[in-house]
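In my numbering, the protein residues as written are 18 to 198.
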């Protein structure tokens with residue numbers, strides 16, 4: 018696999034945009050892999066400030082496209098996001114995406130159907146970590162969030178139950194009058 022970046026876009030888009038594409042390349046172990054390639058591909062242009070307003074876009078491959086079949090030559094036809102980001106956004110003076118003439122782009126292939134809610138967490142992980150470490154951290158975060166949600170649901174049920182108790186907590190006197198406690 019490789020990524021292709023066209024700084025001035027692929028085609029004549031207006032306003033001019035940066036394009037990002039994904040390319041399957043022929044490899045020694047292609048016979049061991051499953052084709053067509055069907056995994057979601059995500060591109061992330063990192064915000065290099067502390068605000069973390071990354072630009073993230075994804076696409077799912079078209080399994081019928083020749084771009085995602087087993088490569089028959091060195092590379093398949095590139096496929097991706099022709100309008101990833103407007104050039105106006107990244108060519109501004111002191112923009113958040115380019116520092117010291119350097120931008121960072123992460124390409125993620127989702128082999129495990131990562132929940133959409135975990136995408137921003139996955140992008141925030143140190144790209145220098147080995148893939149298996151990143152996957153372990155993602156799994157731990159999924160478990161942590163599930164536990165938090167479970168605790169939240171449990172406390173909501175307790176509050177709702179106690180609310181029901183106070184509504185039905187009445188005393189009836191011999192004269193037929195009722196009083197709330």
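Beta carbons: idealized from backbone N, C-alpha and C, even for Gly.
So if DSSP puts residue i in a beta bridge, which residue, or which two residues, is it bridged to?
i: residue 123; result: 61
i: residue 131; result: Paired residue(s): none; residue 131 is not in a bridge.
i: residue 140; result: BP columns for residue 140 are empty, so no partner.
i: residue 148; result: In the DSSP output, where bridge partners are listed per residue, residue 148 has none listed.
Would you decide whether residue i is buried or exposed? Buried here means 16 or more other CB atoms lie within 10 Å of its CB.
i: residue 77; result: exposed
i: residue 101; result: buried
i: residue 31; result: exposed
i: residue 119; result: exposed
i: residue 25; result: exposed
i: residue 41; result: buried
Does any C-beta atom of chain B lie closer than 7 Å to the C-beta of residue i?
i: residue 145; result: The question asks about chain B, but that chain is absent: this structure has only one protein chain.
Using a Cβ-Cβ cut-off of 7 Å (strictly less than) and excluding sequence neighbours within five positions of residue i, which residues of its own chain qualify?
i: residue 94; result: 83, 84
i: residue 115; result: 107
i: residue 52; result: 86, 87
i: residue 140; result: 61, 71, 73, 123
i: residue 33; result: 25, 26, 104
Kindly indicate the opening and closing residues of the beta strand (DSSP E) around residue i.
i: residue 41; result: Note, residue 41: premise wrong, no beta strand (DSSP E); not H, not E.
i: residue 23; result: 19 to 23
What residues in its chain sit with their C-beta under 6 Å from that of residue i, if we drop five residues either side in the sequence?
i: residue 22; result: 37
* Whole alpha helix (DSSP H) runs in the region 55 to 122 with 4 or more residues, listed along the chain? -> 104 to 108
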